[in-house]
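Asker: These protein sequence lines map, in sequence, to chains W and Z.
So the first sequence is residues 668 to 1214, counted in this note's numbering.
So the second sequence is residues 668 to 1214, counted in this note's numbering.
From the three backbone atoms N, C-alpha and C, an ideal C-beta is built for every residue, glycine too.
Computed from a predicted structure; not experimentally measured.
I'd like to ask some things about the structure below.
There are 2 protein chains.
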Amino acid sequence: MASSIYRQHLDANRANHTALTPLSFLARAAAVYPDKTAVIHGKHRFSYGRFRDRCHRLASALARRGIGEGDTVAVMAPNVPAMLEAHYGVPMIGAVLNCLNTRLDAGAIAFCLAHGEAKLLIADTEYADIVERALSQLDRRIPVIDIADAHAAGGRRIAETDYEGLLSEGDPAFKPPSIAEEWSAISLGYTSGTTGNPKGVVCHHRGAYLNAVGNILTVGLDNRSIYLWTLPMFHCNGWCFTWAVTAVAGTHVCLRRVEPAAVYAAIAREGVTHLCGAPIVLNVLANAPDQAKTKIAHKVQVTTGGAAPPSAVIAAMERNGFHVNHAYGLTESYGPALICAWHDEWDSRPPAERARLTARQGVNYPTLEDLMVADPETMVELPWDGRTMGEIFLRGNTVMMGYLKNPTATDTAFRGGWFHTGDLGVRHPDGYVEVKDRSKDVIISGGENISSIEVEEVLYRHPNILEAAVVARPDAKWGEHPCAFVTLRPEAGEMTAAEVIAYCRSQMAHFKAPRTVVFGPLPKTSTGKIQKYLLREQAKALAPGEG
Amino acid sequence: MASSIYRQHLDANRANHTALTPLSFLARAAAVYPDKTAVIHGKHRFSYGRFRDRCHRLASALARRGIGEGDTVAVMAPNVPAMLEAHYGVPMIGAVLNCLNTRLDAGAIAFCLAHGEAKLLIADTEYADIVERALSQLDRRIPVIDIADAHAAGGRRIAETDYEGLLSEGDPAFKPPSIAEEWSAISLGYTSGTTGNPKGVVCHHRGAYLNAVGNILTVGLDNRSIYLWTLPMFHCNGWCFTWAVTAVAGTHVCLRRVEPAAVYAAIAREGVTHLCGAPIVLNVLANAPDQAKTKIAHKVQVTTGGAAPPSAVIAAMERNGFHVNHAYGLTESYGPALICAWHDEWDSRPPAERARLTARQGVNYPTLEDLMVADPETMVELPWDGRTMGEIFLRGNTVMMGYLKNPTATDTAFRGGWFHTGDLGVRHPDGYVEVKDRSKDVIISGGENISSIEVEEVLYRHPNILEAAVVARPDAKWGEHPCAFVTLRPEAGEMTAAEVIAYCRSQMAHFKAPRTVVFGPLPKTSTGKIQKYLLREQAKALAPGEG
């Protein structure tokens, strides 16, 4: 419609177009609520005015050190104020924030720093040893800034300048340049990389803005929200809650370490209204000893994702006064992309049915354009019958720009105009998606697909079982069979492998029941995901007849 | 940063970029909540599934009649379902929705239809006479569709096809083409045009999406919201609540006519949580006779704008169980652009101070980039002292694309990279803006500027006065002086002009007090704005010594 009257002298200009960026959230919160508490860290608390000033200091100090547009700044820190401030101060000058997973080993950290071409590393003194080892593996020198947090236990200074010293180099009245393009990188996040080298997911200002809005609409954040940082900020930028909480001028409550007693105490002390975490965090909170559980008088909204929470864990959380919002997403989708949107009529359903409904991952976030469950190869959409398993595909503004310096992986991920999640699921007749497995986690036994999540779901319902994970074990006859790794509750009595197997066979088709059971603690990533690739290796290495 | 690693093979594609459009809100609401009530009109109610199907029918029926991208479809209707559906069905095929002000005369309607190049007019039978007269003034034939609403009183069919007939031509399973560009026109709205021909404000999909999000964040809409249509949808697309309510899958309650008893009854019957209206609507509701006021047990959020509400009106609304959100905006800013964002500490202030705080227009909407109060000519920002009056300037994504076929007016409005509102105000030390007047409404008496709003504010506080408007009257000695037009409450006794003047002089600097007082009803636009230009003409025409 080039000749349309609506294309004549109606163009974008400085008055009617600005880039969407979550940096605008901080500017507005500080302008409207300069005296409202923005950040709490132990006994230390500061206002939105001060929060903005500190971010301005950080941005201008970085600029004075020669960091600018398109430069990577890496941060390795727990959920402390410096980490939160980096989400504003770094992109404010057009630089790109690379939050490092604090539980990676030195080799993996070195890989991220090298691949991401970090110009500066800001690291908490708690990680001094690993940082030094990582830096020693690099063929260039990266300047380091220490975060010397008063709440840290131990830690060791390795840099000349600490974070507060860096801030003192900066100007609180700094006027940040405006972000010229919303399609420009704001963050770089490496996927946990269960196999091979991690991939660097690049996200932009537009998507960060929109996913933050999606969070607000989905979990109901507002001006009175108090958000507790139980989810690591290095995990998809705290799934964009780093920006969402600021957008509503709510309060960020920092937390170095997720320990049940500290979490319950913070909830009671600060009146926390919202928190997020992987299912493992929920499990730890629900199963904390009673003396660790400070009485909570109000409802706390807990958003979980990153893995499928067993319905038994959801039910236990609800009994403890939490309302669970079940989300699903990946680093490639800025965190949450699906949400099990609630229907009022579910309120009156029996608890078991509610938990079953909530255990589904649901529908697209309001800010994600579309999703489908389709054949992984042909990409033909599959029936919404709750049974036919296919790959989950996403499309929309909250899908990553691509993988850094990896055009092949980027093209593969976007083949056919959809983002290929690699996760398998079914779509129920009401349109709700239920994730059944990572494609690589499916067990193929006698030609039948077995969802490891389905078997785990049954195991979690057993009163003696605290945690469970199921992987494929090579099987001479069936090709593979399900192998269950189980952690029993400390207070539970003895339980044999045969009893576990018999229990499972009473609850599901026999071919799906584990034929091997291994007892013991489960290996986990820093974000609480059980490391199935390690369990798969362990299952492969079992001697015949073992387990 | 062309050579930056963040600019290499990280481009937009169909998987990671879609146009922002409020049409996505309907798609999602219907997908997630197909059975939830979307629209109520009297005893008639229908679900989101049916709402979507009806919009699909409308879109495909229009397409079959040859309407497409960049074509204008005009609608002249009260707040009935057809009007709401036009907000989706028309832009769904890339066409542009032009809602006509139902109180314009035939000449003005003819101007809009001709200037906007409408390809089709959908009009409620209530306006048959004026539509026929308007069409007879055009030099081309425009096809008409009748809206024959069962709730209409009177009305007359003038077209062959009615709206339901048009829908029956369409396909409920229509697959709308995706919106290729978010910077494309979604609506055309003519400014009320107090002088000269109206200007056609063009808004785009991106801005409509964002201002709808701004409404949700500002007034707290969610899935349980029940929105009553007291604000005309032809006024800035119902200030974008046409789209915002759908975004949260709330319920739209239609209403043909704003009568106090009907409004109170709908609030009680449907459990209305939100409504909007010009200050005059608030005044009518607050001053309704007691028998018209159905008891409201819950708090209703009322958002007002379009003119400055006197603080006495806000206080009266609060006494009646409403919470007033005070917004400010223009057709050029998609409706609300400023909001008097609440601070919790204001809760404990005395009622008079609360009303004074709320009477300010406030700060930028979360979705508007920036605002300033500056010298109208030099555009230099003025001190935030609550006293220095300047013009209000806006900047951001919710500022119009421009005026249709009017490059000169567009360039003037955007001079210097800001949108010039033409409204005058002050900025308080806390950053909150208070509108003092339209620039043309300021009275200049003996070289002193007098804010007509300030004088009106005092008049509204008098117990005998129901409504008041103050304009300039030519004055041989002072140049101009304030002339007050006053409507007394029906139950109030006699009051003389001298008494009104004496009261004003007791409340303000004497030079600001009216020197002329005229009693009687005030002329208003369809959106409840008092038509000051008519009063100005009346004031000019007064014989010397009259009034």
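Rounded to whole angstroms, how far is the Cβ of Leu780(Z) from the Cβ of Ala741(Z), which I believe are closer than 8 Å?
Answerer: Stepping through the second sequence from its first residue, residue 780(Z) is reached at position 113. Stepping through the second sequence from its first residue, residue 741(Z) is reached at position 74. Beta-carbon to beta-carbon, Leu780(Z) and Ala741(Z) are separated by about 6 Å, close enough to satisfy the 8 Å threshold.
Asker: Is Ile672(Z) helix, strand or coil when you go by DSSP?
Answerer: Locating residue 672(Z) in the second sequence gives position 5, counting from the first residue. Correct three-state label for Ile672(Z): helix.
Asker: Under 6 Å Cβ to Cβ from Ile846(Z), same chain only, skipping five residues before and after it: list those, please.
Answerer: The residue labelled residue 846(Z) in the question sits at position 179 within the second sequence. The residues are Ala686, Thr688, His872.
Asker: With a 10 Å radius around its C-beta and 16 neighbouring C-beta atoms as the bar for buried, classify Val969(W) as buried or exposed.
Answerer: Against the first sequence, residue 969(W) aligns to sequence position 302. The residue in question, Val969(W), is buried, as its Cβ has 16 or more Cβ neighbours within 10 Å.
Asker: Span of the beta strand (DSSP E) holding Met1039(Z)?
Answerer: Locating residue 1039(Z) in the second sequence gives position 372, where the first residue counts as 1. From DSSP, the beta strand (DSSP E) with Met1039(Z) extends over 1037-1041.
Asker: Measure the Cβ-Cβ separation of Glu793(Z) and Ala826(Z) and say whether it is below 8 Å.
Answerer: Taking the first residue of the second sequence as position 1, residue 793(Z) is located at position 126. Taking the first residue of the second sequence as position 1, residue 826(Z) is located at position 159. No, Cβ-Cβ distance for Glu793(Z) and Ala826(Z) is not below 8 Å.
Asker: Tell me the DSSP secondary structure of Phe989(W) in three-state form.
Answerer: Stepping through the first sequence from its first residue, residue 989(W) is reached at position 322. Three-state result, Phe989(W): strand.
Asker: Name the DSSP bridge partner or partners of Ser714(W)?
Answerer: Position 47 of the first sequence, counted from the first residue, corresponds to residue 714(W). Answer by DSSP bridge pairing, in chain order: Thr704(W).
Asker: Could you confirm whether any beta carbon from chain Z is found closer than 8 Å to the beta carbon of Asp889(W)?
Answerer: Translated into positions along the first sequence, residue 889(W) becomes position 222. For Asp889(W), the answer is yes, since a Cβ of chain Z falls inside 8 Å of its Cβ.
Asker: Does the stretch 725-737 of chain W come within contact of the stretch 758-778 of chain W, defined as at least 3 CB pairs closer than 8 Å?
Answerer: yes
Asker: Could you name the residues of the same chain whose beta carbon sits closer than 6 Å to that of Ala696(Z), not counting the 5 residues immediately before and after it, in chain order?
Answerer: Position 29 of the second sequence, counted from the start, is the residue given in the question as residue 696(Z). Answer for Ala696(Z): Tyr715, Thr913, Ala916, listed in chain order.
Asker: Measuring only between beta-carbons, confirm whether Phe713(Z) sits less than 8 Å from chain B.
Answerer: The structure shown contains no chain B; its protein chains are W and Z.
Asker: Can you name, in chain order, every residue of its own chain whose Cβ lies under 8 Å from the Cβ of Tyr931(W), other than the five neighbours on each side?
Answerer: Here residue 931(W) is taken as the residue at index 264 of the first sequence, counted from 1. Leu952, Ala955, Ala959, Lys960, Thr961, Ile963.
Asker: Helix or strand or just coil, what does DSSP make of Ser892(Z)?
Answerer: Residue 892(Z) sits at position 225 when you count from the first residue of the second sequence. Note: Ser892(Z) maps to coil in three-state DSSP.
Asker: Alpha carbons only, please: which of Cys921(Z), Tyr1170(Z), Gly837(Z) is nearest the one belonging to Ala933(Z)?
Answerer: Here the question's residue 933(Z) lines up with position 266 in the second sequence. Residue Cys921(Z) is the option with its Cα nearest to Ala933(Z).
Asker: Nearest to Asn890(Z) by CA position, among Phe908(W), Leu877(W), Thr909(W), Glu1012(W), is which residue?
Answerer: The residue labelled residue 890(Z) in the question sits at position 223 within the second sequence. Closest option to Asn890(Z), Cα to Cα, is Glu1012(W).
Asker: Within this structure, are the beta carbons of Arg1182(Z) and His1148(Z) separated by less than 8 Å?
Answerer: The residue given as residue 1182(Z) occupies position 515 in the second sequence. The residue given as residue 1148(Z) occupies position 481 in the second sequence. Yes, these two residues count as a Cβ contact at 8 Å.
Asker: Going along chain W in order, which residues have a C-beta closer than 9 Å to the C-beta of Arg807(Z)?
Answerer: Walking along the second sequence from the start, residue 807(Z) turns up at place 140. None at all; the shortest Cβ gap to chain W is about 15 Å.
Asker: Kindly identify the DSSP beta-bridge partner or partners of Ser1112(W).
Answerer: Position 445 of the first sequence holds residue 1112(W). In the DSSP output, where bridge partners are listed per residue, Ser1112(W) has Glu1115(W).
Asker: Which of the three DSSP states is assigned to Thr861(W) in this structure?
Answerer: Counted from its first residue, the first sequence places residue 861(W) at position 194. For Thr861(W), the predicted structure reports a pLDDT of 47, less than 50, and the residue's modelled location is therefore unreliable. The matter cannot be settled from this model.
Asker: Helix, strand or coil for Asn878(W)? Go by DSSP, reduced to three states.
Answerer: The sequence position of residue 878(W) within the first sequence is 211, counting from 1. In this structure, Asn878(W) counts as helix in the three-state DSSP scheme.
Asker: What is the DSSP secondary structure of Lys866(Z), reduced to helix, strand or coil?
Answerer: What you label residue 866(Z) is simply residue 199 of the second sequence in a count that begins at 1. Of the three classes helix, strand and coil, the one that applies to Lys866(Z) here is coil, per DSSP.
Asker: Would Arg1062(Z) count as contacting chain W if we go by Cβ distances under 8 Å?
Answerer: As a first step, residue 1062(Z) is located in the second sequence; it is residue number 395 there, counting from the start. Cβ-Cβ to chain W under 8 Å: yes for Arg1062(Z).
Asker: Per DSSP, what kind of secondary structure is Leu771(Z) in: helix, strand or coil?
Answerer: Along the second sequence, read from residue 1 onward, the residue named residue 771(Z) stands at position 104. DSSP places Leu771(Z) in coil when its eight states are reduced to three.
Asker: When burial is assigned at 16 or more other CB atoms within 10 Å of the CB, is Pro745(Z) buried or exposed?
Answerer: In the second sequence, residue 745(Z) corresponds to position 78, counting from 1. Buried, because 16 or more other Cβ atoms sit within 10 Å of the Cβ of Pro745(Z).
Asker: Got a sec, what are the start and stop residues for the alpha helix (DSSP H) Met750(W) sits in?
Answerer: Translated into the one-based positions of the first sequence, residue 750(W) becomes position 83. Met750(W) -> alpha helix (DSSP H) spans 748-756.
Asker: Within the stretch 887-966 of chain Z, note down every full beta strand (DSSP E) run reaching 3 residues or more, in order along the chain.
Answerer: 893-895, 918-920, 941-944
Asker: I'd like to know whether the C-beta atoms of Glu999(Z) and Ala945(Z) end up nearer to each other than 8 Å.
Answerer: Counted from its first residue, the second sequence places residue 999(Z) at position 332. Counted from its first residue, the second sequence places residue 945(Z) at position 278. Taking 8 Å as the Cβ cut-off, Glu999(Z) and Ala945(Z) do not qualify as a contacting pair.
Asker: Determine the direct distance from the alpha carbon of Pro865(W) to that of Pro844(W), and round the result to whole angstroms.
Answerer: Numbered from 1 along the first sequence, position 177 holds the residue referred to as residue 844(W). Numbered from 1 along the first sequence, position 198 holds the residue referred to as residue 865(W). Roughly 32 Å separates the two Cα atoms.
Asker: Does the distance from the CB of Cys907(W) to the CB of Met1067(W) come in under 8 Å?
Answerer: Counted from its first residue, the first sequence places residue 907(W) at position 240. Counted from its first residue, the first sequence places residue 1067(W) at position 400. In this structure, Met1067(W) does not lie closer than 8 Å to Cys907(W) by Cβ.
Asker: Per DSSP, which residues does Tyr1070(Z) bridge with? Please list them.
Answerer: Along the second sequence, read from residue 1 onward, the residue named residue 1070(Z) stands at position 403. DSSP, once it has assigned bridges, lists Val868(Z) as partnering Tyr1070(Z).
Asker: Could you say which of Met743(W), Cys1171(W), Ala694(W) lies nearest to Met900(W) if we only look at CA atoms?
Answerer: For this step, residue 900(W) is matched to residue 233 along the first sequence. Comparing Cα positions, the closest option is Met743(W).
Asker: With DSSP collapsed to three states, give me the class of Gln1174(W).
Answerer: The residue you call residue 1174(W) lines up with position 507 of the first sequence. Gln1174(W): coil per DSSP, three-state reduction.
Asker: Roughly how many angstroms separate the alpha carbons of Ala815(W) and Arg721(W), rounded to a whole number?
Answerer: By one-based count along the first sequence, residue 815(W) stands at place 148. By one-based count along the first sequence, residue 721(W) stands at place 54. Ala815(W) and Arg721(W): Cα-Cα distance of roughly 16 Å.
Asker: Locate the beta strand (DSSP E) running through Leu1005(W), then write down its first and last residues.
Answerer: Residue mapping note: residue 1005(W) aligns to position 338 of the first sequence, counting from 1. Leu1005(W) -> beta strand (DSSP E) spans 1002-1006.
Asker: Skipping 5 residues on each side, what residues in its chain have a beta carbon closer than 8 Å to that of Val967(W)?
Answerer: As a working note, residue 967(W) is residue 300 in the first sequence. Within the same chain, Val967(W) has close Cβ partners Ile934, Val939, Thr940, His941, Leu942, Gly988, Phe989, His990.
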